[in-house]
DNA sequence: ATTGGCACTCGGTGTCCGAGAGTGCTACCC
DNA sequence: GGGTAGCACTCTCGGACACCGAGTGCCAAT
């Protein structure tokens, strides 16, 4: 049926445009794909696709280029995700396997993803709020300064210095440390409030001010924006195959330096099921109108529909290899989930 | 004397070229600077400067542009460092003052420097080796996993998981923790070996394997390359005023993503007195032949000739405002030193 | 519904030319 | 000897112009 062929044509246009980076014309299309019809027929189909807003021509005498809407349709209905090749899987394995700590895991993951996709990779640290606590440590630093160290199940460590009105009593600190750990270890940080409230009752009045301060710091750390950490790699890939660099590159680099922006992008994407694909304006960030973001949550139970603990993403041009990028993002996310579950 | 005027001409060329980004000709020079001679005379001087390898002309009918050597002479003998303006000083003050922890300090410093210089800023975390220890924490994670957390005087925290052959005994862990802290607190990490060696004698034979393992991890952490951490900001500034982006930008972005490369640059620069300026090939990195690196050490006693604890740097085009950049780098380094000394 | 044919549009490339900028050289002056 | 004026020369840059080729839309024929 004709309608089917039109979609074939759209698919062909997207694929050719992605690989050649040139607007694709009707003749080139019939030559490179076994469509079984003449260029004239393709032209008719193209006119229809253009009418539907799926493709445009940059100028009269040029071939066609997909629109945001065209890519969207391609991703939703036309793309077939090819699984990664065995060498690629093996590369992931060997690259990730001897990471020594969480920083190392995240660092390797982000570099790996950048290399697999030849695009910019973004990896978010496991959210403090959504992971369980492993340990709370109180380190007296001076008479009136207490260092509060929080360690999560995945080995993420956050610290904050607390300034106190009264001099510290070491015995009290030791006792609080014990109480806090008994109450909090193994809990999700989000559920911590309740657990900590219980502790307050067990404590003698003279220590309760200190306890409240410590709890305050812990909650601050969870609530603050520093809660979320994001790392980026592969910015050099932005330059490759980019023509009008000055206009299109600068806003992207700016966005990448703003944690706040990155976090919003990732949070928005978390609304989508499975691997999220945000195309051009769908990113809802004006610096990224010519870019797409492919992202996925990760975390121990993500595969079985459990909640994600954070996200990873690949950012590339509108004209990116969506199937390949989706496959890479998914593979790295899964691997990351496995590691965290160890 | 004529020789003096030639240097004036060089200075004028550098200044004009930096501000206009255009090769500067003899006429423009006499118009913009009160040199008191005619263009023809300037041309003779220029010929001499070119002969000396201090300037070149991109092509016959163009003005002159400084060479690496020209910039070097300018920086060494001709530039007068202007102190920062009061508003600028105030900006530093307000921007840095309410940082909550070391990560925050470093993050703010790097952004600040990027903004002051309109270039790429690089800040290195205080070196573990060269700072004193505040605390060592041992956290039993499971029967056979022990998390070792190292906290330095500046509040830098590093952790590493230790995998053990034998099950942990909590009492032993507590004892080791105490011994380690008594022995190590307040020491420079570089001097730690000796201090830790003493501990080994005080410990009963059955714990000594564990102790050795823990000491091993600590030393590993200090020796490993993860010892050094570097953050970067302002990459978007690379694009501004850059013409042939494709060739000149990509290698720079790559260098910036390679911690190893950045560290080498900073280490090399540490050989220089005070604020180091590395121009073009002097960086000894082929991706940076068209860039210069202005850097300075920082740390509590740096001003009084004490050893630096780490470095900050600003990376920009060959054609940068050296006096301004030097002033900014120095100011931020000093402020950083003050904060760490608090 | 598909196709072949055809006129039309328009960007890209190459060439040419003139304007302008800047130089080096030479003759001249103090 | 150092500085200056004049001048011929070189080279880039930008605009004008023509041409080519790619690609289209449309129409009549199958």
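Chains as they are written, first to last, in this note's numbering: chain B, 595 to 936; chain C, 595 to 936.
No residue lacks a Cβ here, since even glycine has one placed at the ideal position from N, Cα and C.
Using the beta-carbon count (16 or more within 10 Å), is residue i buried or exposed?
i	result
residue 891(C)	buried
residue 753(C)	buried
residue 764(B)	exposed
residue 924(B)	buried
residue 683(B)	exposed
residue 652(B)	exposed
residue 695(B)	buried
residue 751(C)	buried
residue 728(B)	buried
residue 617(B)	buried
residue 834(C)	exposed
residue 632(B)	exposed
residue 870(B)	buried
So, with DSSP's three-state summary, where would you put residue i?
i	result
residue 901(B)	coil
residue 755(B)	strand
residue 725(C)	coil
residue 854(C)	helix
residue 635(B)	helix
residue 654(C)	coil
residue 782(C)	strand
residue 741(B)	strand
residue 867(B)	coil
residue 878(B)	coil
residue 715(C)	strand
residue 679(B)	coil
residue 599(B)	helix
residue 872(B)	strand
residue 664(C)	helix
residue 749(C)	coil
residue 762(B)	coil
Measuring only the C-alpha atoms, how far is residue i from residue j?
i	j	result
residue 858(B)	residue 827(C)	20 Å
residue 767(B)	residue 776(C)	18 Å
residue 850(B)	residue 879(B)	12 Å
residue 672(C)	residue 634(C)	23 Å
residue 757(B)	residue 738(B)	6 Å
residue 798(C)	residue 786(C)	21 Å
residue 912(B)	residue 664(B)	11 Å
residue 709(B)	residue 845(B)	22 Å
residue 624(C)	residue 657(B)	54 Å
residue 805(B)	residue 887(B)	44 Å
residue 831(B)	residue 898(B)	33 Å
residue 808(C)	residue 843(B)	47 Å
residue 748(C)	residue 885(C)	32 Å
residue 622(B)	residue 597(B)	21 Å
residue 659(C)	residue 889(B)	47 Å
residue 962(B)	residue 803(C)	The first residue shown for chain B is 595 and the last is 936, placing residue 962(B) beyond what the model contains.
residue 687(C)	residue 698(B)	34 Å
residue 926(C)	residue 868(B)	45 Å
residue 607(B)	residue 931(B)	36 Å
residue 700(C)	residue 705(B)	23 Å
residue 896(C)	residue 713(B)	41 Å
residue 769(C)	residue 780(B)	24 Å
residue 935(B)	residue 855(C)	34 Å
residue 772(B)	residue 815(B)	20 Å
residue 680(B)	residue 909(C)	41 Å
Quick one: what's got a C-beta closer than 8 Å to residue i's C-beta in the same chain, skipping five residues either side?
i	result
residue 735(C)	741 and 755
residue 702(B)	689, 690 and 693
residue 792(B)	777
residue 648(C)	604, 660, 661, 663, 664 and 667
Tell me which same chain residues have a C-beta within less than 6 Å of the C-beta of residue i, skipping the five on either side of it?
i	result
residue 864(B)	none
residue 812(C)	none
residue 731(B)	743
residue 782(C)	726
residue 666(B)	873
residue 612(B)	913 and 915
residue 678(B)	921 and 925
Among the residues of its own chain, which have a CB less than 7 Å from the CB of residue i, if the five just before and after it don't count?
i	result
residue 794(B)	802 and 805
residue 883(C)	874 and 875
Validate contact between the stretch 898–911 of chain C and the stretch 711–731 of chain C using beta carbons, cut 8 Å, 3 pairs: yes
Meets three-Cβ-pair contact criterion under 8 Å: the stretch 666–683 of chain C and the stretch 600–616 of chain C: yes
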